[in-house]
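All remarks here apply to the structure that follows.
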Amino acid sequence: MLTILLASTSPRRYHILSLLRLPFLMIPPASAEITSDARLPEREVLYQAEKKAASLAAAFPGTVVIGSDTLINLDGQKIGKPRDASDARVILKRLRDREHQVVTGVVILRTGDSRRYEGVEIVRVRMAASSDAQLEAYVSSGDPFDKAGGYSLQGGGRELVAGLTGDYLAAVGLPLKAVAEGLEHLHVPVPVDVAALYRDREFLNWKTFKEC
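Per our numbering, residue -14 is the first one in the sequence shown, and the count goes up by one each step.
Rendered as structure tokens:
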């Protein structure tokens, strides 16, 4: 069986991919995230995901490499991870009591040939009308700093979110349904019923969300 590599440092993506019960290694990608205003959000996440996957593909022949990237789209403006506490406050206040999109792209490369898979999931998220004190407490917790948009659906940021429509796992960081489809496309059998995972929603606090 081909070795599967996850080009990431994200524990969230690691835990989501683990749901497929496939052996894999998580290796930090050798690529810098430099965004461009010229790229639409969907193209941006695919571009970054491919850079991550490609940065490992040459060094690990005979593997399948998964790269993924997530950003926030608020009225056409791309929002990534906050730089610091001040930036996190600004971002969260902009998102408060509004709807935005979480855009996640995945690129899967089968090294040694030209076979590949790519997909994008867009999730609509409605933020709650949180008070300044709630936002300040959340920023002080340290949770926002490695997450697009400065909040986590699966952690303390859950209290800031009113609801979502779309793929919860994609919003957390990895569109598992698309990943499973991509692996099957590249002739890597997936041993679990992915449809059942999405139906049962047992992962973290998935069941606590209602559609917005």
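For each residue, glycine too, the CB sits at the ideal point set by N, CA and C.
These numbers were taken from a predicted model, which means no experiment stands behind them.
Along the beta strand (DSSP E) that carries Arg74, what are the first and last residues, could you check?
Element bounds for Arg74: not the beta strand (DSSP E) but the alpha helix (DSSP H), 70 to 80.
Beta-carbon within less than 6 Å of Pro13's beta-carbon, same chain only, minus the 5 sequence neighbours each way: which residues are those?
Hits under 6 Å: Thr(-6).
Could you have a look at Glu187 and say whether DSSP puts it in helix, strand or coil?
Correct three-state label for Glu187: coil.
In angstroms, rounded to a whole number, what distance separates the CA positions of Arg74 and Glu121?
Arg74 and Glu121: Cα-Cα distance of roughly 7 Å.
What distance in whole Å lies between the Cβ atoms of Leu80 and Gly134, which are believed to be in contact at a cut-off of 8 Å?
At roughly 6 Å, the Cβ-Cβ gap stays under 8 Å, so Gly134 and Leu80 are in contact.
Quick one: Cα of Gly127 to Cα of Ala118, how far?
Answer to the nearest angstrom: the Cα atoms are 15 Å apart.
Could you have a look at Arg143 and say whether DSSP puts it in helix, strand or coil?
Correct three-state label for Arg143: helix.
Given a cut-off of 7 Å, decide if Ala147 and Arg100 are closer than it, judged by their beta-carbon atoms.
Their beta carbons are not under 7 Å apart, which means Arg100 does not touch Ala147 by this criterion.
Does the distance from the C-beta atom of Leu59 to that of His85 stay below 7 Å?
For Leu59 and His85, yes; Cβs fall inside 7 Å.
Using alpha carbons as the reference points, say which of Pro160, Val124, Tyr102 lies closest to Lys66.
Lys66 has its Cα closest to that of Val124, out of Pro160, Val124, Tyr102.
With the cut-off set at 7 Å, would you say Leu(-10) and Leu41 are in Cβ contact?
In contact: Leu(-10) and Leu41 (Cβ atoms closer than 7 Å).
Can you find a heavy atom of the ligand FAD that lies under 6 Å from the Cβ of Arg28?
Looking at this structure, you won't find the ligand FAD or any other ligand, since it has none at all.
Give every residue of the same chain whose Cβ lies closer than 7 Å to the Cβ of Trp191, excluding the five residues on either side of it in the sequence, and list them in chain order.
Only Tyr153 meet the Cβ criterion.
If we count the other Cβ atoms within 10 Å of its Cβ and call it buried at 16 or more, is Leu145 buried or exposed?
Label assigned to Leu145: buried.
Could you check the C-alpha separation between Ser24 and Lys36 for me, to the nearest Å?
Note that residue 24 corresponds to Arg in the displayed sequence, not to Ser. Whole-angstrom Cα-Cα distance: 15 Å.
Buried or exposed: Ile19, going by 16 or more other Cβ atoms within 10 Å of its Cβ?
It is exposed - the Cβ of Ile19 has fewer than 16 other Cβ atoms within 10 Å.
Measuring CB to CB, does Glu166 end up less than 7 Å from Val105?
Cβ atoms of Glu166 and Val105: not closer than 7 Å.
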